[in-house]
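If you read the sequence shown in full-length UniProt numbering, its first letter stands for residue 1, the second for the next number, and so on. Okay, so here's the structure we're looking at.
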Amino acid sequence: MGDPYTDSYFDGPDPIREFQVEPTLEELTKELATLTPLEYDQRRNAFAKEHEIRLSTLDAEVQKARDVPSTDAEKSAPFENILPWDEPVHGGELLDTLQYTVERFCVLPEHSAPIIAAWCVHAWTHDASDISPLLAFTSPEKRCGKSTALSVVSALTPRAMHAVNISVSVLFRVIEKHKPTILIDEADTFLEDRSDMRGMINGGHNRRTANVWRSVGDDHEAKPFRVWSPKAIAMIGDLPDTLEDRALVVPLMRKDVGETVERFPARRDEELLPLRRKLARWAEDNWIELADHEPNIPEELNDRAQDNARCLCTIADVVGGHWPQRIREALVGLAKAQLDDVPASKGVLLLHDIADILERWRGNRITSNDLVTELVAIEEGAWAVWKGGDPITARMVASLLKPYGVKPERDRSSRFYVLDDLRDAVGRYVS
Numbered sequence: 001m002g003d004p005y006t007d008s009y010f011d012g013p014d015p016i017r018e019f020q021v022e023p024t025l026e027e028l029t030k031e032l033a034t035l036t037p038l039e040y041d042q043r044r045n046a047f048a049k050e051h052e053i054r055l056s057t058l059d060a061e062v063q064k065a066r067d068v069p070s071t072d073a074e075k076s077a078p079f080e081n082i083l084p085w086d087e088p089v090h091g092g093e094l095l096d097t098l099q100y101t102v103e104r105f106c107v108l109p110e111h112s113a114p115i116i117a118a119w120c121v122h123a124w125t126h127d128a129s130d131i132s133p134l135l136a137f138t139s140p141e142k143r144c145g146k147s148t149a150l151s152v153v154s155a156l157t158p159r160a161m162h163a164v165n166i167s168v169s170v171l172f173r174v175i176e177k178h179k180p181t182i183l184i185d186e187a188d189t190f191l192e193d194r195s196d197m198r199g200m201i202n203g204g205h206n207r208r209t210a211n212v213w214r215s216v217g218d219d220h221e222a223k224p225f226r227v228w229s230p231k232a233i234a235m236i237g238d239l240p241d242t243l244e245d246r247a248l249v250v251p252l253m254r255k256d257v258g259e260t261v262e263r264f265p266a267r268r269d270e271e272l273l274p275l276r277r278k279l280a281r282w283a284e285d286n287w288i289e290l291a292d293h294e295p296n297i298p299e300e301l302n303d304r305a306q307d308n309a310r311c312l313c314t315i316a317d318v319v320g321g322h323w324p325q326r327i328r329e330a331l332v333g334l335a336k337a338q339l340d341d342v343p344a345s346k347g348v349l350l351l352h353d354i355a356d357i358l359e360r361w362r363g364n365r366i367t368s369n370d371l372v373t374e375l376v377a378i379e380e381g382a383w384a385v386w387k388g389g390d391p392i393t394a395r396m397v398a399s400l401l402k403p404y405g406v407k408p409e410r411d412r413s414s415r416f417y418v419l420d421d422l423r424d425a426v427g428r429y430v431s
């Protein structure tokens with residue numbers, strides 16, 4: 001007699017397999033409902049594709065199948081699992097509501113509210129971008145609303161994580177596993193003497209460079225960890241130069257007597273849950289269009305600012321309506337205000353005044369002595385009392401111009417500058 005536990009025992013079809021019943025879609029959905037939020041996130045895309053179900057429909061059915069509103073697994077999950085909104089969401093109305101919400105709780109400089117609103121959408125559509133600008137709230141002193149602004153952003157972004165007293169090694173492992181929105185308050189103390197943390201934030205600006213390498217395991221095998229996630233910080237003082245180039249900077253000031261906003265207690269998080277659900281739905285429905293879109297960027301912005309603006313312009317274009325114009329005006333306005341507040345370097349200050357001289361100078365050269373004479377003659381200029389109350393000298397001018405690729409030439413009678421060389425430097429460094 002054959003072995004009853006082998007397939008060869010039966011000459012005909014396997015009776016066990018023949019009478020197996022495939023689970024129904026409803027039963028499979030109930031199984032999904034027993035997963036933790038993180039496990040469900042890993043399986044939902046493949047399941048919806050296999051069974052030809054919209055993600056929003058699947059999410060709704062899984063939510064219905066959960067026996068209790070909050071299971072032990074959900075309570076222990078490190079991040080909130082957002083169920084996307086049941087109906088399609090109008091992008092223009094969503095951004096309008098986000099801007100209104102930000103302005104409810106924050107006293108903000110001109111142009112910044114639309115940028116914050118669009119950046120919150122970027123946090124939900126992060127993987128549709130190649131560049132992820134840092135959102136930075138700065139202020140000259142305490143009590144200017146930085147922590148409140150960061151709290152509002154945390155209530156409008158996915159998997160918000162306040163990075164308090166955390167090491168770099170823990171942070172990049174959390175990013176690798178959960179892809180949270182990183183929120184760093186009091187970054188002036190948090191980033192002080194933390195070049196490794198600044199390097200991680202810098203590296204996360206560009207998808208192609210968003211990796212840090214560390215040795216892991218007993219064999220110390222080198223392994224890359226992704227640091228590609230949306231990040232926002234708040235700090236007193238100016239950002240380090242490398243971070244400022246990669247940031248959308250919102251300079252906050254202390255609230256004036258006549259300025260009033262609503263308080264933002266912790267319970268507001270639950271109040272804003274419907275808005276987070278709408279953000280999740282809009283991101284889900286528009287991700288492909290965002291990833292494929294190539295926006296026009298305002299030419300008034302410099303190269304790095306154009307990189308930072310790309311994701312926000314893309315979101316505004318896909319939303320449509322008044323937002324393409326609004327977001328571009330806000331980006332240009334905020335960039336101009338930031339540039340006006342930053343004192344020019346000595347070299348740029350010199351080139352700025354040389355630009356005025358070039359407009360009225362005839363010929364194709366100017367001697368060093370003539371250039372000094374013109375500079376010293378500028379009313380209320382810096383050059384007449386440049387050093388210790390004495391005027392600037394030709395040697396000092398040459399020293400300031402050298403880093404910009406401009407050097408004086410010499411003939412038999414004098415030292416001189418070629419005007420085209422000066423114009424080239426002015427064109428590159430004076431906006």
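Positions of the beta carbon are idealized from the N, C-alpha and C atoms, including for glycine.
Spatially closest choice to leucine 350 from Ala398, Pro23, Leu38 and Gly388, by CA coordinates: Here residue 350 is taken as the residue at index 350 of the sequence shown, counted from 1. Checked all of Ala398, Pro23, Leu38 and Gly388; the closest Cα to leucine 350 is Ala398.
Touching by the beta-carbon criterion (3+ pairs, under 8 Å), the segment 376-383 and the segment 321-331: Touching, no.
Local conformation of aspartate 219 per DSSP, three classes: Translated into positions along the sequence shown, residue 219 becomes position 219. Coil.
Three-pair Cβ contact test at 8 Å for the segment 100-111 versus the segment 125-133: no
Rounded straight-line distance, which links the Cα of leucine 334 to that of valine 250: Here residue 250 corresponds to residue number 250 of the sequence shown, with the count starting at 1. Here residue 334 corresponds to residue number 334 of the sequence shown, with the count starting at 1. Valine 250 and leucine 334: Cα-Cα distance of roughly 8 Å.
Sub-9 Å separation of residue 455 and alanine 210 beta-carbons: Since the first residue shown for the chain is 1 and the last is 431, residue 455 is missing from the structure and cannot be characterised.
Histidine 162 - DSSP class collapsed to helix/strand/coil: As a working note, residue 162 is residue 162 in the sequence shown. Strand, per DSSP.
Distance between beta carbons of leucine 32 and glycine 145, contact taken as under 8 Å: Looking up residue 145 in the sequence shown gives position 145. Looking up residue 32 in the sequence shown gives position 32. So it is not a contact: roughly 42 Å between Cβ atoms.
Assigned secondary structure, aspartate 238 (DSSP; H/G/I helix, E/B strand, else coil): The sequence position of residue 238 within the sequence shown is 238, counting from 1. Looking at aspartate 238 - three-state DSSP - the assignment turns out to be coil, as it is neither helix nor strand.
Distance, leucine 58 Cα to threonine 29 Cα: Counted from its first residue, the sequence shown places residue 29 at position 29. Counted from its first residue, the sequence shown places residue 58 at position 58. Distance between the alpha carbons of threonine 29 and leucine 58 is about 8 Å.
Residue(s) in a DSSP beta bridge with tyrosine 417: Looking up residue 417 in the sequence shown gives position 417. Bridge partners of tyrosine 417: Ile366.
Coil, strand or helix - glutamate 379 by DSSP: For this step, residue 379 is matched to residue 379 along the sequence shown. Three-state DSSP puts glutamate 379 in coil, outside helix and strand.
CB-CB length for glutamate 264 against valine 152, believed under 8 Å: Looking up residue 264 in the sequence shown gives position 264. Looking up residue 152 in the sequence shown gives position 152. Reading off the sequence shown, one finds phenylalanine at residue 264, where the question assumed glutamate. Contact holds; Cβ gap of about 6 Å.
Per DSSP, the bridge partner or partners of residue 438: Residue 438 cannot be examined here, being either before or after the span of the chain that is shown, 1 to 431.
Buried or exposed by the 16-neighbour rule on C-beta atoms within 10 Å, applied to alanine 118: The sequence position of residue 118 within the sequence shown is 118, counting from 1. Burial call: buried.
Segment contact, 8 Å Cβ cut-off, at least three pairs: the segment 90-103 with the segment 307-323: Segment contact: the segment 90-103 against the segment 307-323, three or more CB-CB distances shorter than 8 Å; contact assigned.
Whether alanine 355 touches valine 426 by CB criterion (9 Å): What you label residue 355 is simply residue 355 of the sequence shown in a count that begins at 1. What you label residue 426 is simply residue 426 of the sequence shown in a count that begins at 1. Yes, Cβ-Cβ distance for alanine 355 and valine 426 is below 9 Å.
Where proline 391 sits in the DSSP three-state scheme: Locating residue 391 in the sequence shown gives position 391, counting from the first residue. Proline 391 falls in the coil class under three-state DSSP.
Bounding residues of the beta strand (DSSP E) (the contiguous stretch that carries alanine 247): As a working mapping, residue 247 is identified with position 247 in the sequence shown. Annotation for alanine 247: the continuous beta strand (DSSP E) segment containing it runs 247-251.
Glutamate 26 to threonine 34 span [Cα, whole Å]: The sequence position of residue 26 within the sequence shown is 26, counting from 1. The sequence position of residue 34 within the sequence shown is 34, counting from 1. Approximately 13 Å, taken between the alpha carbons.
Alpha carbon of tryptophan 361 to alpha carbon of aspartate 370, nearest angstrom: Within the sequence shown, the letter at position 361 stands for residue 361. Within the sequence shown, the letter at position 370 stands for residue 370. About 10 Å.
Per-residue DSSP class, three states only, for glutamate 61: Mapped onto the sequence shown, residue 61 falls at position 61. Reduced to three states, the DSSP call for glutamate 61 is helix.
Local conformation of alanine 267 per DSSP, three classes: To locate residue 267, count along the sequence shown from 1; it is residue 267. It should be noted that the sequence gives arginine, not alanine, for residue 267. Looking at arginine 267 - three-state DSSP - the assignment turns out to be coil, as it is neither helix nor strand.
Entirely enclosed beta strand (DSSP E) segments - the segment 291-334, minimum 3 residues: none
Cβ-Cβ distance between asparagine 202 and threonine 242 below 9 Å: Against the sequence shown, residue 202 aligns to sequence position 202. Against the sequence shown, residue 242 aligns to sequence position 242. Yes, the pair counts as a contact, with Cβ atoms nearer than the cut-off.
Residues near threonine 367 by beta carbon distance below 7 Å, same chain, minus five either side: The residue labelled residue 367 in the question sits at position 367 within the sequence shown. These residues qualify, in order along the chain: Ser414, Arg415 and Phe416.
Assigned secondary structure, lysine 179 (DSSP; H/G/I helix, E/B strand, else coil): Sequence index remark: in the sequence shown, residue 179 carries index 179 (1-based). Note: lysine 179 maps to coil in three-state DSSP.
Strand pairing of lysine 231, partner residues [DSSP]: The count along the sequence shown starts at 1 and reaches residue 231 at position 231. Note: lysine 231 sits in a beta bridge opposite Ile182.
DSSP-derived helix/strand/coil call for asparagine 45: Reading the sequence shown from its first residue, position 45 is the one you call residue 45. In the structure shown, asparagine 45 falls within a helical segment according to DSSP collapsed to helix, strand and coil.
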